[in-house]
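Q: One structure, pasted below without further comment.
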Amino acid sequence: MTAITEDGTLDEALQRVHSTGPELSQGWLSNHAPMAVEALARHGQARTVHRWLDAYRHRTDELPSAALTITDDNWREALGDPRHLGSWIAHFTRLTAELPWTDVLTAWWPRLLPGIIAGATHPVIRVGHAVRTLLTDGETEPRTAELAHALGYWAARHQPLPVTVTPSGGAGPHRALDAVPSLAVQEGGVLDRLARLPAAEGWPAAASGLRRPAGPDDARDLLTELVRATVARYPRYAHGDAVMLVHAATAPNAVLRVLPALPRALWVPSLTAAWEASAVLTAAYAPARPVFPAAPGVTTTMEESFALAAAHGDAHVIKLADTAWDVGGPAALAATARACELIEPGDG
Numbered sequence: 003m004t005a006i007t008e009d010g011t012l013d014e015a016l017q018r019v020h021s022t023g024p025e026l027s028q029g030w031l032s033n034h035a036p037m038a039v040e041a042l043a044r045h046g047q048a049r050t051v052h053r054w055l056d057a058y059r060h061r062t063d064e065l066p067s068a069a070l071t072i073t074d075d076n077w078r079e080a081l082g083d084p085r086h087l088g089s090w091i092a093h094f095t096r097l098t099a100e101l102p103w104t105d106v107l108t109a110w111w112p113r114l115l116p117g118i119i120a121g122a123t124h125p126v127i128r129v130g131h132a133v134r135t136l137l138t139d140g141e142t143e144p145r146t147a148e149l150a151h152a153l154g155y156w157a158a159r160h161q162p163l164p165v166t167v168t169p170s171g172g173a174g175p176h177r178a179l180d181a182v183p184s185l186a187v188q189e190g191g192v193l194d195r196l197a198r199l200p201a202a203e204g205w206p207a208a209a210s211g212l213r214r215p216a217g218p219d220d221a222r223d224l225l226t227e228l229v230r231a232t233v234a235r236y237p238r239y240a241h242g243d244a245v246m247l248v249h250a251a252t253a254p255n256a257v258l259r260v261l262p263a264l265p266r267a268l269w270v271p272s273l274t275a276a277w278e279a280s281a282v283l284t285a286a287y288a289p290a291r292p293v294f295p296a297a298p299g300v301t302t303t304m305e306e307s308f309a310l311a312a313a314h315g316d317a318h319v320i321k322l323a324d325t326a327w328d329v330g331g332p333a334a335l336a337a338t339a340r341a342c343e344l345i346e347p348g349d350g
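Going by the numbering used here, the sequence shown opens with residue 3, and the numbers climb by one from there.
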């Protein structure tokens, strides 16, 4: 795994980001800045971080104020209430100042995990970036604060799925995803599509088609394979919705990045939630018929591929390239090239 260059760029960038809220001024679309700058700094593009932030800054909104004090008595009522975005961020900022960040994560991960689809999975993806930095590059105040902001965003947008998905079939991730049916009506936002899932033909059986893991290590291996499968599928299905299908890969990869910071007892439920996210996004946004684009032949190394994504500039392209870097190989190169082709700069 590539380490962050210790020149202070990432911490400076995170401090800039933390003056803004987790959503953009155009509505409830997510603020992608903390995820994009972490990926840029990690993969040899630190020199572009502040320039990227300068270009993105006009889209962001002010950090919301904290009108409510979240406590042990009222957190359940406040969970999933976006009116308390600022209050949740303040709550986790206090917790991470009082306790080791790993303790905070361990306590709250099982509470938040059932709402993994929150914010179209952006909160869990943001948590994954934050945890990767803390585990790989060490703890600093801005990095711990970033985890607090990410957890607060997740808590405020917490969104349980309308159906329970439990891996109980016999398929690995590649075959299980191939069996997920596309919604007959792929219109509207995430919540509109979620509402159609329970009645979708073939959905319940396909959603449970992933095989049940034998234990924590098997869950980690299945999760790793799930990330590989979603990256490999992206070039063939991204024409359905090139932006939203990025999350089918980056959400499970975020969960995979968090596993080393969690007790092993949480690994199996983490796989289940990651599979839920990928299966839901596949059903909601992947077209029924794949296409088979010609091999791009643009890049031959992951460094070149990520540089291509950085030059493109869109946050979703950068985040997919970051996940593709973890996967490696021709499929990863093809996924990044396809994202550059289909996503307009500025879409994210």
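The beta-carbon is built from N, C-alpha and C at its ideal position, and this holds for glycine as well.
1. Please tell me whether L65 and I91 are closer than 9 Å, where the distance is taken between their beta carbons.
2. Please report how far the alpha carbon of A285 lies from the alpha carbon of L136, in whole angstroms.
3. Quick check on D13: buried or exposed, where buried means 16 or more other Cβ atoms within 10 Å of its Cβ?
4. Out of A173, I72 and A279, state which residue places its alpha-carbon closest to the alpha-carbon of V248.
5. Contact defined as beta carbons within less than 8 Å: I believe L344 pairs with A244. What is the distance between those atoms, to the nearest angstrom?
6. Cα separation between L81 and A197?
7. Do the region 147 to 162 and the region 208 to 217 meet, that is, are 3 or more Cβ pairs less than 8 Å apart?
8. Please give me, in chain order, every unbroken run of the beta strand (DSSP E) with length at least 3 that falls completely inside the region 253 to 329.
9. Using the DSSP secondary-structure output, state which residues sit across from E141 in a beta bridge.
10. Considering only the beta carbon of each residue, do L273 and L225 sit closer than 9 Å?
11. Give the single residue among V126, A288, G172 and E143 whose Cα lies nearest to the Cα of E100.
12. Output the distance between the C-alpha atoms of L322 and E79, rounded to the nearest integer angstrom.
13. Return the CA-CA distance between A2 and I119, expressed in angstroms with no decimal places.
14. What separation, rounded to the nearest whole angstrom, lies between the Cα atoms of L97 and N76?
15. Going by CA-CA distance only, name the one from L185, Y287 and V39 that's closest to A317.
16. Quick check on the DSSP output: the alpha helix (DSSP H) that includes G88 runs from which residue to which?
17. Helix, strand or coil for A173? Go by DSSP, reduced to three states.
18. Name, in chain order, the residues that DSSP records as bridge partners for L212.
19. Give the straight-line distance between the Cα atoms of R113 and P162, rounded to the nearest whole angstrom.
20. Measuring alpha carbon to alpha carbon, tell me which residue in R230, V233 and L185 is nearest E203.
21. Take the Cβ of A251 as the centre, count every other Cβ of all protein chains shown within 10 Å, and call the residue buried at 16 or more, exposed below.
22. Cβ atoms of L87 and R145: under 9 Å apart, would you say?
23. Between the C-alpha atoms of A48 and L26, what's the straight-line distance to the nearest angstrom?
24. Could you name the residues of the same chain whose beta carbon sits closer than 7 Å to that of C342, not counting the 5 residues immediately before and after it, in chain order?
25. Helix, strand or coil for T71? Go by DSSP, reduced to three states.
26. List in chain order: all unbroken alpha helix (DSSP H) runs of 4+ residues lying wholly within the region 117 to 164.
27. If you follow the beta strand (DSSP E) that E346 is part of, which residue opens it and which one closes it?
28. Alpha carbon to alpha carbon, what distance is there between V270 and P24?
29. Given that a residue counts as buried once 16 or more other Cβ atoms are within 10 Å of its Cβ, and exposed if not, what is G121?
30. For D139, count neighbouring Cβ atoms within 10 angstroms of its own Cβ and tell me buried if that reaches 16, exposed if not.
31. What distance in whole Å lies between the Cβ atoms of A276 and P262, which are believed to be in contact at a cut-off of 8 Å?
32. Anyone know if the C-beta pair for Q188 and G242 falls short of 9 Å?
33. Can the beta-carbon of P292 be found closer than 9 Å to that of E227?
34. Among F94, D9 and P289, which residue has its Cα nearest to the Cα of P183?
A: Taking the definition as stated:
1. yes
2. 33 Å
3. buried
4. A279
5. 4 Å
6. 20 Å
7. no
8. none
9. Answer is none; E141 lacks a bridge partner.
10. yes
11. E143
12. 34 Å
13. Absent from the structure is residue 2, since the part of the chain shown begins at 3 and ends at 350.
14. 15 Å
15. V39
16. L87 to E100
17. strand
18. When DSSP reads this structure, L212 sits in a beta bridge with A173.
19. Per the coordinates, the alpha-carbon of R113 lies some 11 Å from the alpha-carbon of P162.
20. The shortest C-alpha separation from E203 is found at L185.
21. Its Cβ being crowded by 16 or more others within 10 Å, A251 is buried.
22. no
23. 23 Å
24. L310, A311, H314 and V319
25. coil
26. 124 to 139 and 143 to 159
27. Premise fails: E346 is in no beta strand (DSSP E) and is neither H nor E.
28. 29 Å
29. Buried is the call here.
30. Buried, by the Cβ-count rule.
31. With a Cβ gap of about 15 Å, P262 and A276 do not count as contacting.
32. yes
33. no
34. Among F94, D9 and P289, the Cα nearest to that of P183 is on P289.
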